[in-house]
Structure formats: structure tokens, C-alpha cells
């Protein structure tokens, strides 16, 4: 039986591990709802992580780091957008290129940062509330990004379901031809969602290097970008599902750090495999029924659209 | 893009020219980057891209690094042609290396001719086994093979790490996380004394030739091509999609596994915590830049190999960061994708002449 202290530590670090996944997945979700599949998430997160770290190291201000990471993510996604939306290149190949490019660029930019650390993002302290037993450390002791990411889910859920902008995004994702015929700027809108996805991917990456492990390590996302991509599928393209999935995966991810403490006699390497194996298992469970995917996936996902 | 117009039909000339344009654009941006890094661009360019060709050893190294890229790239290209996106070749390579390593260590005392063929077989089977998972999940459960094959790459890394830290660690190796050095019988013969390039290189060329024959002269190859170019036509013709998926994954898995054998029974000579600096991922670029054609893959693998070797040379001689290699790889694919635009489009002539409808 594990102690309550350990349980609290486990649950609290789950939120930390889940937050970058929530943020990056939400960006990708909006991009995909407009019909664009950006497989470059991993690359954009890596560049966000290194740029955010560098900017924070240079200025001493975490918020500047976060903004810089968003800008870097947007710049990366702009390259993707230009190729896919303007030059009409294959989305799968271009996304892969973006990831491979991001891996290279981030390693290049980060070569001077290896071994350095920054002051990690501060945990918020709510008067009275944070001091409550059990509830305090579980709900009121996180950094601002954890709360912001949950707000983001609510906000994007509302935006997609209830606003005119959300309706247009969904319309473009389902049928760019019809949306274009009605007079919506399909390409312009898709540029917008691609850039939005890039900004959030950069932000999610920066959370890794500024809060979760306040340092830069080459390839530090370790496949989180891909897990975030898979998460959009698990969530059947619904914001709420992303939140549930991300916390589930956050839990599996931190299991490897707490596993030994919990008395699991499994080699650390096998615990490290868990997030990837869990991703595969959940993908199978969700995709097993083709109807689920067919009914929920934006109809034009992955297909290019040329207005003329 | 109002100055562009669609070509009546795709330009064959551009199809061949665009990888060259991409390579040239990459070399050009490389020179600009060298300049930004405070290097004398011509000298850096020469060191990076020309020096490796100037010595027999350098050429041997080019062939050595091209080997896993050709093996993986040829396999991936066969899949990509049929719209089967295996991007987990690095994992299949790693598992192939593990299986071959297990054979080599098990028969450590045996100095027999059959050890090496058995390792190649084990490596190929290991790669196929790892590739069978995404193939099975896609055909049986409709699961996206991109995500599954990629997840399995990370699983394979951790598996290898576990093995070299635990069961396969050299007992007399001072606790270093690596296996015993393989015996001579478990090493691929070198092509030439003094060079590191080994028998896996001609093997990779053989694989490329076989792949060319498969794509060009077999019905199965034709079916896969049709499925990639015109899925609806393939469906109408009754070509089975699961069969394509399986075939693509089995071929690319086996070749990636053999590439893994080539590494551990070649330059590495043992199992180490990492057996590939991302060859399986670079091979994706190799496949695309090679136009998904086996011959093209061989050429683009040499180019990619040059990026690796040049990066090492430049790091030693000019103290340039080795991470440049990864950037160049990504850039190359970007440029290719952009240049491919001109396969289907061309610039509109400035004067609006009456079009005769005839074009190159």
C-alpha cells in the first residue's frame, strides 16, 4: 500500500506531465478541425522548448520565454503552412519534414544550453486554499500553465461549438469546397489555424524546458509531440476528450518515476515504454470501430484544397 | 500564385530535376549558414561537401553510411508508393540489431561460416516482427500505421537500453552498458583492407536492384503502385489493401532489420545503448528525395551519407556543430517538396500568347 504522501506526489506530477500534452494537442485539434493534418508537432515542440529556454536564460523572465516559444512555433508552422497551403505539398510528407527539421534546428540552437538550468516556473500559492490538507496540494499548488491549459480546453470547446468562428472552422474542415462557395476564405482560415497550432505546440514544448525539467536536453520531447497527435484521435477531435486523455497519459508517464517507489519490481526501461505502449493500445481501442473515426474525423482532413 | 498555371500533364523532366534543384538549394543555404557562423563559406563548403570524396577512406565511409540508408530507404519507398507510411524504420533497425546480436552472443564460441547468415536471417526476422505490429493493427483494427510504427521506435530504444544494461551486458566490461565484442565469425567481411565499409554495402545494392525488379516487373509491385496512385481504381480492380500493407511492412521491416545487422556486425562490432543515429528517419528523406525509385534511393542515400560524413569532418576541422547535419536533412526535404510544385505547375508566360496545348 502506498502512502498518501506518495499518492499526492504522484497525482500532482501527473498534472505536470499532462499539461504540455494538453496544450500541444489543443493546438493540433484546432488545426485538424479545419482539415489540415500537421505531423510536425514534435518538431515544433522541440523548437519551442529550445527557444523558450534560451529566451528565459537570456532575459531571466519566464513569460518572455513562453512568448518567444510561441513565436518560434508559429514560425515553424508558417513554413509548413506555406508549403501545404500555398504550394499544395503533401501534408504527411511536409509534416514529417517539419519534425525532422525541428529536431535538427533545435539541436543546433541548443548546443550552447546543454548543462544550464533556469529557475523553473513558480508554483502558485493561494492563501488558505493551498494550505488545506489533501485538497491543497492536489488542486491549489500548481504553476499557472496547469490552470491556463484547463481554461484553454474550455475556451476552445466553447469557441468551436458556440461561436461563428468555430462554425466556420468546422465548415472548412468538413467541406472546404462548400465553405469556399459560400465565400469563406478557406486558405486564409487554414493559415490561421495552422499558426494557432504552431503557437500552442511551441508553448507546450516550452513548458517542458521551463517547468517540467528546467533545462534543455537534445530531443527532450521524446515523442510527446506524436503522443499529442495520437491524443487528438483518441479524443475523437473533441476538446474534452483531450483533457481526459492527457491526464491519463500524464499518469502513465510519471509512473516511470514513481514506479520504483511504489514497489513495482519492473526494470525502469519497461516502465519508460508504458506511455508509448499505452498510446498504441488506446489507438486500437478507439480506431477498432471504423464508424467512430469516420463519424468524428473532419471530412477533409489531410486533403489539400485549391480555391480555383 | 496567380502567375502559376497547371500543366496539362505532370512534367517528367521536372520530376527528375526537382531533387537536383533541392540539393542545390540546400548546398546554397548551407553556404549562407557557414557564412553566418563566421566561416569562410567556400572553405567550409569544400570541407563539408568535397573533402569526404578526396580520400579512399572518405569514400569508404560514404559507402558505409549509405548502406543502412539504402536498405531502409528502399524498403520505405516501396511502402510510400502504395500509401503505406512506415515511419518506424529506426525501430525495426534496432530490433534487427538486437536479434542479430543475440545470435552473435549465443554462438560466441562457435567459429563457423553459418553464424553470419543466421545473424542476417535473425535481423531480418526481427525487423519483420517489429513491422508486423503496425501492419496487423492497421489491417485488423484500422489503426494509423504512422503513429503505431513511430511509438514502437521508442519502445525499441528502451528495449535495447534494457538489454545492454542488463541481460546482454558484457560481464567483463566494467559495467559499461554494452555487449561483448562479437567474434570474428559474427562480423561482416570488409570490402577492402583499411576501410570500414563491409559486405552489407553490396548487399544493399542488391536489395535496391531486387526492389527495382519488384516494382517494375512483378504484378504485386504493379498492384502496389496502382493502390498508391489511384486508390479508387485499385479498389475497383479488386486489389487487396491489407495485402499491400503487409507486403510493404514485411519488405521494409526485413530490410531495416538487415540494416541493423550491418551496423552491429560492422562498424559497431557489439550492441550499444544506441545502434543508429536516426538512420531510419533519415531514410524517410532518402526515399522521398530518391523519388521513391530504387535507383534514386541509392543516389539520395549517398547524398544523405555525405551530409553525415561532411558534418563529422566539419566538426573536427572547423569546429562546426554536428547538429547542422540534422538541419540540412530537414531543409533538403523542404526544398524537394517545394520544388515538386513545378511538376504539376509552371509559370504562366508573361505575354498571353494563344496556347497551342502542346507542352514539354
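Protein chains in written order, with my numbering: chain A, 31 to 338; chain B, 15 to 374. The C-beta atom is built at its ideal place from N, Cα and C for all residues, glycine as well. Values in this document were obtained by computation on a predicted structure and should not be read as measured data.
| query | result |
| --- | --- |
| Grab me the residues of residue 260 of chain B's own chain with a C-beta within less than 6 angstroms of its C-beta, minus the 5 sequence neighbours each way, in chain order. | 149 |
| Suppose you measure from the CA of residue 176 of chain A to the CA of residue 286 of chain A; what does that come to, to the nearest Å? | 21 angstroms |
| Could you tell me which of A:299, A:70, A:51 and A:85 sits nearest to residue 376 of chain B, measuring between CA atoms? | In the structure as shown, chain B begins at 15 and stops at 374. Residue 376 of chain B is therefore absent and cannot be evaluated. |
| Under the three-state reduction of DSSP, which class applies to residue 153 of chain A: helix, strand or coil? | strand |
| Please look up how many angstroms separate the CB atoms of residue 72 of chain A and residue 223 of chain A, rounded, as I've assumed it's under 8 angstroms. | Wrong, their Cβ atoms sit about 19 angstroms apart, outside the cutoff. |
| Could you work out which residues of chain A lie near residue 404 of chain B, taking near to mean beta carbons separated by less than 9 angstroms? | Look at the range of chain B in this structure, 15 to 374, and you will see that residue 404 of chain B is not part of it. |
| Give the range of the alpha helix (DSSP H) segment to which residue 120 of chain B is assigned. | 103–120 |
| So, are the CB atoms of residue 27 of chain B and residue 360 of chain B less than 8 angstroms apart? | no |
| Quick check on residue 300 of chain B - is its C-beta less than 8 angstroms from some C-beta in chain A? | no |
| So is residue 333 of chain B buried or exposed if we call it buried at 16+ other beta carbons inside 10 Å? | exposed |
| Please return the same chain residues whose Cβ sits closer than 7 angstroms to the Cβ of residue 372 of chain B, not counting the five positions on each side in sequence. | Caution is warranted here: a pLDDT of 48 is assigned to residue 372 of chain B, below 50, making its placement in the model unreliable, and the coordinate value is therefore given only provisionally. Taken in chain order, the list of residues that qualify is empty. |
| May I ask which residues mark the beginning and end of the alpha helix (DSSP H) holding residue 188 of chain B? | Run containing residue 188 of chain B: none; DSSP gives neither H nor E here. |
| Can you list the residues of chain A that residue 164 of chain B reaches, using a CB-CB cut of under 8 angstroms? | 253 and 256 |
| If you run the structure through DSSP and keep just helix, strand and coil, what is residue 212 of chain B? | strand |
| State yes or no: is the C-beta of residue 65 of chain A within less than 8 angstroms of the C-beta of residue 220 of chain A? | yes |
| What's the C-alpha gap between residue 230 of chain B and residue 160 of chain B? | 26 angstroms |
| Helix, strand or coil for residue 147 of chain A? Go by DSSP, reduced to three states. | strand |
| Any C-beta of chain A within less than 8 angstroms: which residues of the region 174–186 of chain B qualify? | 175, 176, 179 and 180 |
| Run the CB neighbour count on residue 188 of chain B, radius 10 Å, all protein chains shown included, and call it buried at 16 or more, exposed below. | exposed |
| Could you spell out where the beta strand (DSSP E) holding residue 361 of chain B opens and where it closes? | 359–361 |
| Looking at chain C, which residues of the region 86–116 of chain B have a Cβ within less than 7 angstroms of any of its Cβ atoms? | Absent from the structure is chain C; the protein chains it does hold are A and B. |
| Would you kindly work out how many angstroms separate the C-alpha atoms of residue 210 of chain A and residue 191 of chain A, rounded to a whole number? | 21 angstroms |
| With a threshold of 8 angstroms between beta-carbons, can residue 68 of chain B be considered close to chain A, or not? | no |
| Could you tell me the alpha carbon to alpha carbon distance between residue 137 of chain B and residue 307 of chain B, rounded to whole angstroms? | 24 angstroms |
| Going by the DSSP bridge assignment, what does residue 173 of chain A pair with across the sheet? | A:153 |
| Does residue 15 of chain B have its Cβ less than 8 angstroms from a Cβ in chain A? | Caution applies to residue 15 of chain B, whose pLDDT of 44 falls short of 50 and renders its modelled position unreliable; the value that the coordinates give is listed next. Yes, its Cβ sits closer than 8 angstroms to a Cβ of chain A. |
| Which term fits residue 86 of chain A, buried or exposed, when burial requires 16 or more other beta carbons within 10 angstroms of its beta carbon? | buried |
| Tell me where the alpha helix (DSSP H) around residue 154 of chain B begins and ends. | 129–155 |
| Looking at the C-beta of residue 323 of chain A, does it have a partner C-beta in chain B at a distance below 8 angstroms? | yes |
| Hey, would you say residue 313 of chain B sits closer than 8 angstroms to residue 342 of chain B, going by beta carbons? | no |
| What is the DSSP secondary structure of residue 204 of chain B, counted as helix, strand or coil? | strand |
| Going by the C-beta, is residue 168 of chain B closer than 7 angstroms to any heavy atom of the ligand COA? | Of ligands this structure carries none, so the ligand COA is not represented either. |
| Counting contacts by CB-CB distance shorter than 8 angstroms, is residue 153 of chain B in contact with chain A? | no |
| Residue 248 of chain A by DSSP, collapsed to three states: which one? | coil |
| Rounded to the nearest angstrom, how far is the Cβ of residue 58 of chain A from that of residue 262 of chain A, given a contact under 8 angstroms? | 5 angstroms |
| Could you give the distance in angstroms between the alpha-carbon of residue 264 of chain A and the alpha-carbon of residue 213 of chain B? | 45 angstroms |
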